[in-house]
Every structure is written in structure tokens, then in C-alpha cells.
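Residue numbers (full-length UniProt numbering): 1 to 958. Quick notes on the structure that follows.
Shown next, in the form of C-alpha cells:
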């Protein structure tokens, strides 16, 4: 996605202008970018300058006869920055992305610590940390820093990192190789694999019998690795693939079991402590036994409670000490710090009470062992419930991954292409150029091309269209789709991380890693929240202590067996543990994760929290016409010839020119010319020389030494070509019927006109109506002529129309709407929509559109269905309503709970919150926020959309 936009579209079209892309170092913020931009734009000969500080790049449009590149570089250096020229228009700085799993992050403070440490490393451009997924996505320059250094940096702050994936063009796989008994056998494995073309790196862990291989999937693959290892002479290796999905499930199950085990052990030890302290003391007989003096005033009950609470505090609760140490070592204070301070205060004060009772014949004090042990127990219960709930937030990704079949039938052939054998293999072992057989009812194992057979394939997984699509030799198929009938032989073209399904999964995973801007609010609060809570806790303790010592409240307020110091201590500990920022940290990421997952299941891929946040604010939507409001597959419906040329000749010259264009109208003309010529396949057109595409106008080329121009009226007028009256009438009639008419000029004379019709998408009119009811303004911006544009707009109910717009003018219209106060979404499908998609607050690309448009967009509508525009906005609004509710709950909980825990109600009602009850309340708040986010899984599209869909399917709505 290009982050810059050209602001002088007229200048961009001048033949004498030149473009330069610069790599700039030293820019730390947007203010730096503005400084660089201003230092360039005042120079003579500069037509436009756009600076992107996130990527350290600048794109300059200039007149080389007035200024040279050296002068531009000098101006940037004078502004205090370093710049180098990229001769081929690209950024020579490498950029790679790796994903790292990080175990041990307990709260928002932990994830913020990891993020700050990574982003502080030289060469790291940005880092996204997902607390819920326990993963990091790091964008870095491999020439400056590598994955190993990133891993070491994370380990240095006390967490356990594991590299998941490296760059997109490099895949990684882990093999379990049984039989590596000694150094010699592992050396053979490493050397054999390193000889395989396409292998980048081999790492062996003999203790786990694990081999990790980094490789290029377009050259080699897992099946080759297994064959190589099994072919090593003098060794017998048994090789299997470590399944990433299975490992995640195993790790999740292990984590759940571990939390459950900790909770059970803590409960088993803490409940007796609670009973001996709070219950048995009121049961005659048991009370006398517990009150038996062992040494001086130390009782049997105290010894039991001390012995039972000690393993809870230091063995089961050891994880909190570790977390506190990691945080404090880096200057952070997290949830673990609060828990450790609170439980230690209660535990060590209780130890002091017991030891003093053992050494004094007259001392009578009350211990708080039940406070520390029950507090840890309830926190562990909350963690267990939280882990259970968080596991449900990523179910959408698991469902996507399970669309791919487990097994595939691999075909082997002789040198002449004849099939000589077949074998069942796991789908992950398919490699590029393999040929696989897909039987009726089976799923397609990988993206590829049909090389034999005919069938129909259900592609609803991608397109949302349940109607089977006919497939024959040469047609593309998508992995995970279902073969309805007939047998197909498919040659794999995209496997592993390159497959469509893998890219969708990766897009959803990346979106769940990216933070929404509103998350910064929670991060800032969390940053100062823990120190504030510690201060409030100390203030609470000292206030109640002084009030007791100065007799500011009557002794009758003191509970039995408790003095003023102990009362103050309990209030202080309660404040410390009840005000944990966990709920606040979970409010946004849980909702974003569930929301983006629900969107993916609905066919709406939302690229991260920022897109989700802006989508709910959208007040104006700009629609492209062709391929967005219309089906995007125009057909020729009429032609008009001048006397000087025959239809066959006109179509041949036009098709020979238009075959070089990707525009839908051009494709329609070429297909029509094929029909007239009677050749559907492998049609050879005359060679086009000096081909030029003029965005927003048309194309021109030289065919058989004749100058051909194909385009709209403005193209003819720009080249001073006279338009005959009959051609003018043809244009007017076509536009009145919502048809697009193009003129064909041969040697600067209009030789004919061709009318093309592109029907509206089903439900387009209803979608515009629903948007109006949602108070969202609709605007149509198209490169088509005004007549056609107005006809289409009138048909769907759009009032504001901009026609004959060039790509950069589309972006300018988006900016104009933004300037009037609108939050603008752009919906498009073509390369010419990319500048507008980038300029918009939210870019929505039609899934069937071009790769460039999809890359430039913030939201991808996989099914190419306009109804999903409403789904995206509606889902975003629901998600952010849930985030607000989460924040209200999390903040409201703390605002209400802290004063109660501090004893505000105690003077009037004698109500106080014991620390272990405060711990239970804190745990409940985190679980409730996660459960609140999970309610989004019940999301339903607007009822009117369901009615539209029912009508489109031909069913009468009652």
C-alpha cells in the first residue's frame, strides 16, 4: 500500500516531468516529515512532494529541466536529514516481518514492556504485541537486525519467545526426526537438508528430535525434505511434521490444565486456612482444639494456617514473584506487582504475629494467613476462567484453517504426461507444480490450474456465491473449495503460506495483532494505574492507621480480635488487589479479536483495529461504478460505423489496441471482437506498437502503421479530433440508457463507436437505501462519462455524482469530503481506485478486484457483495459499542470498588471488603469483560439485509 498521494494530477500527466523516490533517515515523527516536505516543495521545478515518515520514504515529482536530483538531496540534507536516491523507484532498505510467540505475558503492562523494548531496537520499524494471542508481529530491516537478536532481547526481559514465521517469501517448518541418536547422525541430517535447493537455514534440536527448516516454498517443500531424510544411507529416520495448529491446541490445553491444577492445589490448601480462621472458630470443641497453646501464645490453629499458606504463597504463587521481578527490572509495575505486594503484606504480617506470640507469654494478635492464601486462590480461579474465555476469541481462525482438506491424492506421470500412479499424502506435503486429483464431493487441496477434466466447483468459501462455477482445462481453482461433480486434475500453483486460504488466515491474524487507536487510551491509563494504586493503597493504610492511633473513631468500630493496625492493613491490601488494570487492558483487544473473527466468517476481512475503529465513524461512502455498483463484466450491446470502415476491420483494430488494457470495457470489446471473428481461444491480434494508456480517457497505439485511439469524448477533444454528428447522437443515446460508449479514431478520424452495458449488481439500490437510513451519505465517483454516471446514479438512488474523474481526482474528491467534516469510506475494485482507497479514512476493496486495490484497502469484501459494505459498518458499530461498554464496566468497576475497598462505607454501615473478597471481585471483573466481548459472536446482520438477500434469491418475504 502506498502511503503517499500525489496532489497535482494535472502536473503528473506532463510528459517532461520526472519522478524520484528517496530513502530518508532521521525522521522520527510526522513533524519531521512536514519539515522535509516543506524543504522540498519551495524549490523551483518541484511539482509535488509526498513524505511518508513511517516508511522513511519520499516521492518527488519534478521538472528535470529546472532542477536535478542532487539539488533535492542537498535541500533535504540542509533540513537536517540524510537522503539517498532510489534509481528504480523502490526503497532499497529491506523490510521483513516475523511473528514471535511470547509466553509469560500476564497483563497489558507486560505487553507494553515487550513492545517498548522491541521498538527501541535499532532496525525495528514497528512491533505489534497481542496479549491475548501471546504473539508479536515485528517489522524490521534484516540488514540491521535479525530474528535471533529479537528473540534474545525478549529473553533478556524475562519472557519465553518462540519464532513462528519469518518473511512472507520464506516459510518455516518443523520436523520430528526419530533416529538422531548421536552427533554424527544429526550432522548428516543438517548437511543433507542444506544441499536441497531453496533451503535457507536448518536448525537441529537433538534433545527434542526436532529439525527446523527455513525454505523458499516456490522452490522446494516438506515432501522433498522427508524424502531426502528417508533416503540417507546407513541411517533409518522416521520423519513427521510438527503441526503448528496441533501444537497451538496442545499448548492451549496445557495452559488450561496448568491453571486448573494450580487452582485445585491452591483451593485444597487455602480452604482449610479459611475454615480454621473464619468458621471453625465459632464451633465449640473444634475452637478449643485450635486454641491450644503450643509455645507461649502461639496456637495450634496458627501453626496449621502458617504451614498450609506457605506453599500457596511461595510455590503456587511463585509465578507472581517472577512476573514482578521481570516488570520491576525494566522499570514497569504490572498486575503481578500488586498481587505480590498485597499477599506479602498479609503473609509476612501474619508471620510476625505468630513469631511474636511464640516469644511473648502475654501477646494476643490475629493473623491474616487466610487473606494471602484465599487471595491467590481467587486470582488463580480468575486466570483459569479468563484462559477458558480467551480461547474462544480465536475460533474464527481455527474454522478458516479447517477449510483445507487433511489429505490429497498426488498423481505421478511419465515424461509424456500420462498418469502412472497415485498416492494419498497429507495436504501440507503438496509442493508447487504437483498434480493432484480431486474427486466429486472432495475439497480442492491447493490453489492451482485445471490440467484435465471438467466439473463444477462450489466457491462460496471465497465468493459467497453458492452457485457452482464451471471449471475446465486452464481455469483457476482455490484451495478449500468443494468439487461438486466430475474428476479434476489440478496443478498446484500456490502452496503453503502462498495459498489464498493461508493469506486470508494471515490477514485475519495480523488484524488481530494490530491495536485499535482507542487501545492507546487503555495503555496510557495502565502505564500510570499501578503506581497510582500502590500510592492509594499506602494512603489508605496510613490514613486508617493514623485515625486509629489518634482515636478518631470509637473502639467499637474495630472487629473482634483486630486492632487498628490490622484494620488499616486490611483496607490497604483490599485497595491494592481490587484495583487491577487487567479488565481495562482486555476491554479493547478481546472485542477487536472477536469482531474481526466474526467479520471473517461473514466474508468481511478487516485489517486490524484501526480499520475497525474508523469504520464505525463513517458518515460518507464514495462508490466506484464499474465492478463496484455494477457487475464489472460489461458486454458490447451496440456499434455504430462510419462509412469509411467495415465492422470486422474496426473491431480488429480496436481489439488489437484494447487487448493491452486491463479495463473491463476493454475486455468486453476484445471478447466481442473474438465472437465476431469466430475465434474464442488463442486469437492472434495485429501487433500494437507505441501503446499508451491515458487514465480516465482511453488508450492509443499504432497498428499496421495506423494511429488508433480508443476512448471517451474528452480523449478526442484533447487531440482535436472532430466528432461527427451521428457519432455524437450515438453517444447521447447510449448515455441515456446507462451505457458506456467509446469512440474509435483511425488516423485522427472517428471511424466508429461501441456501446457497452454493465448491469447493476443485484441489491445495489437496496444497499444505498439502507445506508441512507443509517445516516450515511452515498457518493459515486467514476471515470465514466457524465450521461452514463447520472443514469446509474439515478437508478440506485445516489444524489451526488462525479464523473470523468482520473485516479488522482478520485483521491482529491475523497479529501474534499474529508475537509467538510466527513469520515469517508471508499469502495472500489480497480487499480485506478487505489489512490482513493489510500486517501479515504477507510478503504474497502471488492474481493474480486485487483491485487493492488485489495492491498491498498483497509477492509476486503471477499464475496464482492455490496451488502457487505453495510455489514462492515454495522459490525464495526456493534464492536465499538461493546468496547465502550467494556470500558464503562472496567473503569466504573474501579471507580466504585476502590472507595468501597478503602472503607468509605465502613463508618456508616460497618461494611468492609476483606482482601480475599476483593481478589475475587478483581478476578470476576476481568472474566466479565472477556465474556462481554464474546457476546459479539452472536452478531446478526441488519434485518433489512436479510430481507434483501431473500428477495435476491427469489423468495417472497412475508
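Each residue gets a CB set at the ideal place from its N, CA and C atoms; glycine is no exception. No experiment lies behind these values; they were computed from the predicted model shown.
What residues are listed by DSSP as bridge partners for residue 652? In DSSP, residue 652 forms no bridge with anything.
What's the call for residue 306, buried or exposed, on a 16-neighbour Cβ count within 10 Å? Burial state of residue 306 is buried, judged by a 10 Å Cβ sphere holding 16 or more other Cβ atoms.
List, from N- to C-terminal side, the beta strand (DSSP E) runs of 3 residues or more that fit wholly inside the stretch 705-747. 706-711 and 739-746
If I follow the unbroken alpha helix (DSSP H) through residue 230, where does it start and stop? 222-230
For residue 623 and residue 779, which I take to be in contact (beta-carbon distance under 8 Å), what is that distance rounded to the nearest angstrom? 7 Å
Evaluate residue 231 with the Cβ neighbour count: other Cβ atoms within 10 Å of its Cβ, from every protein chain shown; 16 or more gives buried, anything less gives exposed. exposed
Can the beta-carbon of residue 673 be found closer than 7 Å to that of residue 690? no
Just to confirm, are residue 264 and residue 574 a CB contact at a threshold of 7 Å? no
Cα separation between residue 464 and residue 537? Any reading at residue 464 must be qualified, since the residue scores a pLDDT of 47, below 50, and its modelled position is unreliable; the value itself is stated next. C-alpha separation (whole angstroms): 56 Å.
Neighbourhood of residue 51 by C-beta, 6 Å cutoff - its chain only, sequence neighbours within 5 removed: 33, 36, 37 and 58
Would you please state the rounded distance, in angstroms, between the beta carbons of residue 97 and residue 137? I believe it to be under 8 Å. 6 Å
Given this structure, state the Cα-to-Cα distance separating residue 142 from residue 714, to the nearest angstrom. 49 Å
Classification of residue 736 by the beta-carbon crowding that lies within 10 angstroms, buried from 16 upward: exposed
6 Å CB neighbourhood of residue 371 in its chain, flanking five on each side removed: 346, 915 and 916
Here's a check: name, in chain order, each residue in its chain whose Cβ is nearer than 7 Å to the Cβ of residue 658, leaving out the five neighbours to either side. 666, 669, 670, 699 and 710
Who are residue 928's beta bridge partners in DSSP? According to DSSP, which records beta bridges pairwise, residue 928 is partnered with nothing at all.
So, helix, strand or coil for residue 671, using DSSP? helix
Once you ignore the five residues that flank residue 961 on each side, which residues in its own chain have a CB closer than 7 Å to its CB? The structure shown does not extend to residue 961, since the chain is modelled only from 1 through 958, so no value can be given for it.
Buried versus exposed, by CB contacts within 10 Å (16 or more), residue 909: exposed
Residue 456: first and last residue of the uninterrupted beta strand (DSSP E) it sits in: Where residue 456 is concerned, the enclosing beta strand (DSSP E) stretches over 455-458.
Within 10 angstroms of the Cβ of residue 732, are there 16 or more other Cβ atoms? Answer buried if so, exposed if not. Exposed, since its Cβ has fewer than 16 Cβ neighbours within 10 Å.
Around the Cβ of residue 599, are there at least 16 other Cβ atoms within 10 angstroms (buried) or fewer (exposed)? buried
Tell me the start and end of each unbroken alpha helix (DSSP H) in the stretch 821-846 that is at least 4 residues and wholly inside, in chain order. 834-839
Would a C-beta distance cut-off of 7 Å place residue 826 and residue 843 closer than the cut-off? yes
Going by DSSP, what residue range makes up the alpha helix (DSSP H) through residue 438? From DSSP, residue 438 is part of no alpha helix (DSSP H) but of the beta strand (DSSP E) over 435-438.
Below 7 Å between beta carbons: does that hold for residue 317 and residue 376? yes
Do the stretch 602-619 and the stretch 796-809 make contact, defined as three or more Cβ pairs closer than 8 Å? no
CA nearest to the CA of residue 333, picked from 110, 452 and 266: 110
Coarse secondary structure for residue 360, derived from DSSP in three states: coil
Would you kindly report the start and end of the unbroken beta strand (DSSP E) that includes residue 241? 238-241
Out of 313, 336 and 176, which one is the CA nearest neighbour of residue 323? 336
Using the three-state DSSP reduction, which class does residue 19 fall into: helix, strand or coil? Residue 19 falls in the strand class under three-state DSSP.
What did DSSP end up calling residue 763 once you bin it into helix, strand or coil? coil
To the nearest angstrom, how far is the alpha carbon of residue 432 from that of residue 240? 20 Å
Would you mind reading off the limits of the beta strand (DSSP E) that contains residue 493? 488-494
Name the two residues that bound the continuous beta strand (DSSP E) containing residue 305. Not the beta strand (DSSP E): residue 305 falls in the alpha helix (DSSP H), residues 300-311.
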